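Visitor:
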Amino acid sequence: MSEENKALVRRYYQETMGDLSGIENIVATTFVDHHFPPEMPPGPAGVKKFFTEFVGGAFSDARIEIDFMLAEGDKVDCHFVFYARHTGDCAGIAPRGNSIHLSAISTFRISDDKLAEAWEIYDSGSMVQQMQAEDG
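So the sequence shown is numbered by the working numbering: it starts at 142 and just counts up by one.
#1: What does DSSP give as the partner residue(s) for residue 225 in the beta ladder?
#2: Taking Cβ to Cβ, would you say residue 227 is nearer than 8 Å to residue 199?
#3: Can you tell me whether residue 178 is buried or exposed? The criterion is at least 16 other CB atoms within 10 Å of its CB, across all chains shown.
#4: What did DSSP end up calling residue 165 once you bin it into helix, strand or coil?
#5: Should residue 258 and residue 172 be called a contact, given that it needs their Cβ atoms to be closer than 8 Å?
#6: Taking the Cβ atom as the reference point for each residue, do residue 149 and residue 192 lie within a distance shorter than 8 Å?
#7: With DSSP as the reference, identify every bridge partner of residue 248, one or two as the case may be.
#8: For residue 165, which residues from the same chain have a beta carbon less than 6 Å from its beta carbon, with the 5 sequence-adjacent residues on both sides left out?
#9: Run through the DSSP bridge pairs and tell me what residue 211 is partnered with.
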């Protein structure tokens with residue numbers, strides 16, 4: 142089951158960096174990402190809203206490169222790097238066109254062959270510094 146769960150997480154990142162057309166097949170209708178802003182609805186609708194409005198509104202040329210994943214039971218930990226260009230407002234920070242690279246770790250819980258919950262850890266201070274850098 143561990144390999145299937147890791148494959149599901151890979152599909153999630155492919156969808157979120159793509160057109161999101163298959164996200165309903167990956168996340169549960171009750172999916173909650175505990176890092177999303179509280180106004181995001183649960184399930185596929187929240188994932189679509191977050192990645193089109195927040196990520197898509199603030200960043201262009203976004204991509205995720207997975208470094209490694211660990212799986213045990215119903216959980217998958219994924220260490221990845223988010224790369225993008227800051228081209229839209231993000232948390233009140235005006236765009237400068239700076240390149241962003243942000244290391245992060247996500248933990249996913251899988252239930253009934255779909256992602257049920259997610260938690261992220263990343264260095265938001267580093268992200269802000271990169272967005273505000275004069276020579277981005």
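Here a beta-carbon is modelled for each residue, glycine too, at the ideal position from N, C-alpha and C. Since this is a predicted model, take the numbers as computed values, not measurements.
Guide: Let's see:
#1: Mapped onto the sequence shown, residue 225 falls at position 84. Paired residues: 241.
#2: Here residue 227 is taken as the residue at index 86 of the sequence shown, counted from 1. Here residue 199 is taken as the residue at index 58 of the sequence shown, counted from 1. A contact, by the Cβ cut-off of 8 Å.
#3: Here residue 178 refers to the residue found at position 37 when the sequence shown is read from its first residue. That one is exposed.
#4: As a working note, residue 165 is residue 24 in the sequence shown. The answer is helix: DSSP assigns residue 165 an H, G or I state.
#5: By one-based count along the sequence shown, residue 258 stands at place 117. By one-based count along the sequence shown, residue 172 stands at place 31. Contact: yes.
#6: Position 8 of the sequence shown, counted from the first residue, corresponds to residue 149. Position 51 of the sequence shown, counted from the first residue, corresponds to residue 192. If you check the CB distance, residue 149 and residue 192 do not come in under 8 Å.
#7: As a first step, residue 248 must be located in the sequence shown, where it is residue number 107. Beta-bridge pairing links residue 248 to 218 and 260.
#8: Locating residue 165 in the sequence shown gives position 24, counting from the first residue. Contacts found: 185.
#9: The residue labelled residue 211 in the question sits at position 70 within the sequence shown. The partner list for residue 211 (beta bridge, DSSP) reads 218.
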